[in-house]
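Going line by line, the protein sequences match chains A and B.
All residue numbers for the first sequence refer to the working numbering, where the first residue is 5 and numbers rise by one.
All residue numbers for the second sequence refer to the working numbering, where the first residue is -4 and numbers rise by one.
C-beta: ideal position from N, C-alpha, C; glycine also.
It should be emphasised that the depicted structure is a prediction, and the values quoted were computed from it without experimental measurement.
The structure appears right after this line, and notes come after that.
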Amino acid sequence: MTKATLKVTIDRGPNDQGAQTVFDVPAYDNQTVLDVVSWVQQNSDPTLSYRFACRVGMCGSCAMMVNGVPRWTCRTHISKVLDGNEVMIGPLRNLPVIKDLAVDMDPFFDKWVAAEGVHHGAATRNDPIAEIDVNTPSRVEANLGIECINCSVCYAACDTVAANPDYLGPAALLRAWTLLNDAKDEGRAKIMEAVSTKGGCHNCHSIGSCTAYCPNNLDPMSAIAGLKRETAKSFFKWGR
Amino acid sequence: MLNLRLYMLQRITALLMAPLVLGHLAVMIYAIQGGLSAAQILGRTQGSVLWFLFYGIFVVAVAIHGAIGLRAIVYEWAGLKGAALDVFMWVSGICLFALGARAVWAVTFA
């Protein structure tokens, strides 16, 4: 279904007063959205800013809005998203734009830390390595969330994040839930506290865009539901 | 904007309201079947501890549940923040309670 030329509209972000530039890009077989953006930068407009690294869906750098939908552009074939022979590419939603297609990921990672998405270890290098039974229910639950690549697609897809700047967002809460279920993590009390604050899991409206758009088919919405359940149980235990 | 305490209060009041709403609807449908007058209805509710508790609990649950829900809506849709958001929640809750409590009192012990 190769068409000779693609009409690519790129959103240049707030620095250019929301200007959009239209490029004609030659179509190739097996062309990804990232290939299209790279072609524009290399052949048409060297001032175009965007971010990528691995090109194989591991690093989580290249997410953008494609026809209004957040996607990992290195693993998205342009043929799957074309509207006729046209496509609209913009910077990720819900994050400040630095320039063109590059967004500032700081708020996303700051919230990751605010949700206690860090390792809380108690063992030292002198302790033996803890044996983990991979079949325990908590390990199975933790395994469901460990393939997150921090691409921020779920964060861009989330309407609660859009309306509620305090909200920690799906990725950070999925990480918190994963650590809560990790037998090697000793931060249970800290995590429970962090996800129960004013920006915590209780602000989620279960709209489900995170789960619908996650490129790795993870399920942050169910993880957040798990956090709601655990915190609700602790509410009665501690009488908080 | 919603912490664990507000979340739990809203869920617990929702649990309380579920049977109360069903009871309220059932009573309304039942009461008008035979064409009851206002005086006949008042005759049943006045001095009744049962109806006072039924609608009294209902009003308290509605005031708490509704105020927290309105808080979420005005925060996300109107951008109200900080102390103004708390004031809005409390005023909404107190108004809802006052409106409901006045009616419950009027048909039971006034």
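Same chain, Cβ closer than 7 Å to residue i, neighbours up to 5 away in sequence not counted
i, result
"M5(A)", "Low local confidence applies: a pLDDT of 49 at M5(A) is under 50, so the model's placement there is unreliable, with the coordinate-based value given in what follows. Excluding residues within five positions, the ones whose Cβ falls inside 7 Å are S83."
"V107(A)", "P95, L96, L99, P100, V101"
"Y2(B)", "none"
"I59(B)", "L4, T8, G88"
"I36(B)", "A26"
"D87(A)", "N71"
"A23(A)", "R16"
C-alpha distance - residue i paired with residue j, whole-angstrom precision
i, j, result
"V41(A)", "G61(A)", "16 Å"
"L75(B)", "R16(A)", "31 Å"
"V12(A)", "R192(A)", "48 Å"
"A167(A)", "K232(A)", "20 Å"
"D39(A)", "C78(A)", "7 Å"
"H124(A)", "G64(B)", "35 Å"
"P50(A)", "P219(A)", "29 Å"
"I93(A)", "N185(A)", "38 Å"
"E190(A)", "I24(B)", "56 Å"
"G121(A)", "M(-4)(B)", "20 Å"
"T36(A)", "T80(A)", "5 Å"
"L80(B)", "S210(A)", "23 Å"
"C158(A)", "S213(A)", "7 Å"
"I14(A)", "G95(B)", "55 Å"
"Y70(B)", "L10(B)", "24 Å"
"E90(A)", "P174(A)", "31 Å"
"A93(B)", "E197(A)", "35 Å"
"Y50(B)", "S238(A)", "31 Å"
"V102(B)", "L15(B)", "17 Å"
"T164(A)", "F113(A)", "17 Å"
"R6(B)", "L48(B)", "20 Å"
"W181(A)", "R59(A)", "28 Å"
"C155(A)", "L91(B)", "44 Å"
"A187(A)", "P169(A)", "32 Å"
"N139(A)", "E145(A)", "10 Å"
"G30(B)", "V22(B)", "13 Å"
Interface residues of chain A facing residue i [CB-CB closer than 7 Å]
i, result
"M(-4)(B)", "N168, D170, K202, N207"
"M3(B)", "A236, F239"
"L65(B)", "By Cβ distance, chain A contributes nothing, its closest Cβ being about 15 Å from L65(B), past 7 Å."
"L91(B)", "Under the 7 Å cutoff, chain A gives no residues; its nearest Cβ is about 22 Å from L91(B)."
"L75(B)", "Chain A residues near L75(B): none, gap ~12 Å exceeds 7 Å."
Cβ neighbours of residue i in the same chain (closer than 6 Å, five flanking residues each side left out)
i, result
"R244(A)", "Because R244(A) carries a pLDDT of 47, less than 50, the predicted location of this residue cannot be relied on, and the following value inherits that uncertainty. None."
"S200(A)", "T235"
"C205(A)", "L177, V199, I228, L231, K232"
"D259(A)", "Outside the shown range of chain A (5 to 244) lies residue 259(A), about which nothing can therefore be said."
"G62(B)", "One detail in the question is off: residue 62(B) reads as Ala in this sequence, not Gly. Same-chain partners within the cutoff: M84, S87, G88."
"D104(A)", "R16, G17, L52, S53"
"Y217(A)", "P74, V157, A161"
"C63(A)", "A57"
Within chain A, partners of residue i - CB distance below 9 Å
i, result
"L94(B)", "Here the premise fails: no neighbours, minimum Cβ distance about 27 Å."
"Y50(B)", "Those do not exist, as Y50(B) stays about 27 Å from chain A at its closest Cβ, beyond 9 Å."
"L80(B)", "Chain A residues near L80(B): none, gap ~10 Å exceeds 9 Å."
Heavy atom of the ligand NAP within 7 Å of residue i beta-carbon
i, result
"E151(A)", "The ligand NAP is not part of the structure shown, which contains no ligands of any sort."
Spatial neighbours of residue i in its chain, beta-carbon cut-off 8 Å, leaving aside the 5 residues before and after
i, result
"R179(A)", "W116, A119, G121, G149, C152"
"M12(B)", "F53, A56, V57, H60"
Closer than 8 Å at the beta carbon, the chain A residues around residue i
i, result
"L45(B)", "Near L45(B) there are no residues of chain A at all, since even the closest Cβ is about 29 Å away, more than 8 Å."
Legend entry - beta strand (DSSP E) runs wholly inside the region 35 to 103 of chain A, at least 3 long, in chain order: Secondary structure within the region 35 to 103 of chain A: the beta strand (DSSP E) runs of 3 or more consecutive residues, fully enclosed, are 67 to 70, 73 to 76, 90 to 94, 101 to 103 (chain order).
Legend entry - alpha helix (DSSP H) runs wholly inside the region 136 to 202 of chain A, at least 4 long, in chain order: Correct list: 141 to 147, 157 to 161, 163 to 167, 174 to 184, 192 to 198.
Legend entry - Proximal residues, the region 10 to 32 of chain B versus chain A, C-beta separation under 7 Å: Those residues of the region 10 to 32 of chain B placed with their C-beta closer than 7 Å to a C-beta in chain A do not exist.
Inset, instruction - Entirely within the region 38 to 79 of chain B and at least 4 residues each: give me those alpha helix (DSSP H) ranges in chain order. - result: DSSP runs (the alpha helix (DSSP H)) wholly in the region 38 to 79 of chain B: 44 to 73.
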